[in-house]
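The block underneath contains the structure these notes are about, expressed in structure tokens.
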Ligand code: NHR
Ligand code: GAR
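Residue numbers (the numbering used here): 141 to 356.
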């Protein structure tokens with residue numbers, strides 16, 4: 141892996157509003173988005189990248205006979221950009237053990253829940269169904285364990301009685317669009333480190349729920 145902490149590749153599968161936020165903040169954040177890769181050729185995020193003159197690559201998972209072969213093709217596409225950091229932003233393909241090992245400590249994901257609660261999909265509806273008063277968003281290091289890598293930072297929102305899954309998704313997106321560029325900058329500045337299943341910020345071990353951000 142290239143040792144330029146400031147060069148980032150963003151992996152997407154869809155809309156790419158988090159990609160947009162990362163692009164908009166990249167100057168202030170001191171990182172550079174070298175490329176955007178999607179497993180879907182019709183992902184709207186690809187158009188966002190092109191509008192900002194950022195090179196794009198499509199690696200369509202349906203064209204590979206196995207997950208391993210897809211992961212290998214994805215690795216090749218990533219390595220052409222020589223990044224120091226890989227950011228998953230609404231990327232919807234589970235990555236295999238070999239892939240994760242190759243980029244150990246250099247992959248981040250944003251997940252719409254207060255991890256370790258509610259890993260997996262459909263988090264907003266599950267939070268509503270459980271009658272939770274709080275919901276939120278987490279940025280974590282990607283490890284082999286799905287949505288199980290150490291949490292770096294999270295931000296909470298209150299669940300109101302008037303909320304539905306859509307209103308929660310909107311509130312969560314607002315938080316994500318500030319939180320993710322912030323954490324990307326920490327990484328670019330060399331402040332973040334993964335050691336086994338522990339995350340460190342400025343050489344301080346982060347708690348299980350990461351750094352609590354309150355930007356409100
Ligand atoms: N890979 C590893 N190894 N570890 C993680 O923590 C990962 C990961 C890949 C993606 C994002 C994650 C999320 O934030 C993520 C974290 C997709 C699925 C999934 O079930 C699950 C979790 C996440 C992303 N994907 C299906 C699959 O078969 C496909 C679903 C679809 O195409 O719509 O890969 O929630
Ligand atoms: C974000 O809310 C992100 O947390 C979530 O998908 C959305 C992507 O939005 N990620 C997952 O659910 C991963 N399984 P975007 O494409 O507009 O950035």
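In this text, a Cβ means the ideal position worked out from N, Cα and C, and glycines have one as well. Bear in mind the structure is a predicted one, so any value in this text is a computation, not a measurement.
Exercise for the section: Using only alpha-carbon positions, find the residue among 306, 269, 319, 236 that is nearest to residue 213. Expected result: 236
Exercise for the section: Throw me the rounded Cβ distance for the residue 292 and residue 282 pair, which I believe falls under 8 Å. Expected result: The Cβ separation is near 11 Å, so there is no contact.
Problem - Residue range of the alpha helix (DSSP H) that includes residue 314 - result: 305-328
Exercise for the section: With a threshold of 7 Å, establish whether the CB of residue 248 neighbours any heavy atom of ligand 2. Expected result: no
Practice task
State buried or exposed for residue 255, treating a residue as buried only when at least 16 other CB atoms are found within 10 Å of its CB.
Solution key: Residue 255 should be labelled buried.
Exercise for the section: Answer yes or no: the CB of residue 287 versus the heavy atoms of ligand 1, is any distance below 7 Å? Expected result: yes
Handout entry: Close Cβ partners of residue 200 (< 8 Å) along its chain, the five nearest in sequence each way excluded
Key = Short of 8 Å from the beta carbon of residue 200, and not among the five residues preceding or following it, lie these beta carbons of its own chain, in chain order: 179, 180, 181.
Problem - Where residue 354 falls, given that 16 or more other Cβ within 10 Å makes a residue buried - result: exposed
Handout entry: DSSP three-state assignment for residue 333, whether helix, strand or coil
Key = strand
Practice task
Give the DSSP-derived three-state secondary structure of residue 161 in the structure shown.
Solution key: helix
Handout entry: First and last residue of the uninterrupted beta strand (DSSP E) at residue 295
Key = Unbroken beta strand (DSSP E) run through residue 295: 291-298.
Practice task
Classify residue 234 as helix, strand or coil using the three-state DSSP reduction.
Solution key: coil
Exercise for the section: Confirm the yes/no value for this check: CB of residue 251, any heavy atom of ligand 1, distance under 7 Å. Expected result: yes
Practice task
Please classify residue 270: does DSSP put it in a helix, a strand, or coil?
Solution key: coil
Practice task
Identify whether residue 240 lies in helix, strand or coil by the three-state DSSP scheme.
Solution key: helix
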